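Just so you know, the UniProt record's numbering puts 2 at position 2 of the sequence shown, and the rest follows in order with no gaps.
Where is the CB? At the ideal position from N, CA and C, for every residue including glycine.
Computed from a prediction, not measured in an experiment: that's the story for all the values here.
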Amino acid sequence: MISFLIFLGVFLFMECVTWMTHKYVMHGLMWYFHADHHQPKYANIFERNDIFFVIFALPSIVLFYFGVQGGMNYLFFIGLGITFYGMCYFIIHDVLIHQRFKWFKNTNNKYLIGLRKAHKIHHKHLGKEHGECFGMLFVPFKYYKM
């Protein structure tokens with residue numbers, strides 16, 4: 001039970017990490033890597049922004065390694081929470097919202113429509129300033145009502 005609570009807590013905490021990283025790192029110090037993501041109709045398959053998948057994957061890999069070495073200890077479940085959040089982020093952000101993969105073209109789900117609207121508001125700013133809606137899975141309720 002404690003393993004599941006660690007996993008769930010880390011998964012939920014990753015939304016806070018994502019929000020902070022997106023606002024202060026991606027739209028700050030590492031804007032160079034994120035800028036192409038804010039350009040309309042980016043023509044390439046990969047973006048410089050994809051480096052952030054690698055950056056977030058590295059701690060998970062290390063945590064998995066040391067978590068297994070320690071007999072499936074808490075480090076493994078921290079890594080699992082980070083990894084599962086990353087998978088959800090990929091499905092929501094790259095597949096559903098940006099349609100980099102055409103798996104889910106249409107949805108009537110109010111939650112998913114709200115996520116799309118909030119992200120569209122985020123992308124209306126092409127520069128690194130004046131951004132809003134930096135999270136991914138939890139967005140303000142006003143976007144569900146629009």
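Nearest neighbour of residue i, chosen from the options [CA to CA]
i      : options                       : result
Asn44  : His119, Pro59, Phe101         : Phe101
Asn109 : Ile92, His123, Lys124, Gly127 : Ile92
Phe141 : Gly131, Ala57, Met26, Ile113  : Ile113
Gly127 : Val25, His38, Lys23, Phe7     : His38
Glu132 : Phe77, Leu8, Phe4, Met20      : Met20
Lys124 : Arg48, Lys41, Asn49           : Lys41
Continuous alpha helix (DSSP H) stretch holding residue i: start and end
i      : result
Cys133 : Premise fails: Cys133 is in no alpha helix (DSSP H) and is neither H nor E.
Tyr74  : 74–89
Ala118 : 110–123
Glu129 : Looking at the DSSP string, Glu129 is not in any alpha helix (DSSP H), and its letter there is neither H nor E.
Thr18  : 2–20
Lys142 : 142–145
Burial state of residue i, where buried means 16 or more other Cβ atoms lie within 10 Å
i      : result
Leu80  : buried
Thr107 : exposed
Gly67  : buried
Ile78  : buried
Leu96  : buried
Leu29  : exposed
Rounded straight-line distance, which links the Cα of residue j to that of residue i
i      : j      : result
Ile82  : Lys145 : 30 Å
His34  : Asn73  : 35 Å
Leu75  : Lys23  : 27 Å
Trp31  : Phe64  : 29 Å
Asp94  : Ile2   : 32 Å
His119 : Gly135 : 9 Å
Val62  : Gly86  : 15 Å
Leu137 : Glu15  : 7 Å
Arg116 : His27  : 20 Å
Phe84  : Lys105 : 23 Å
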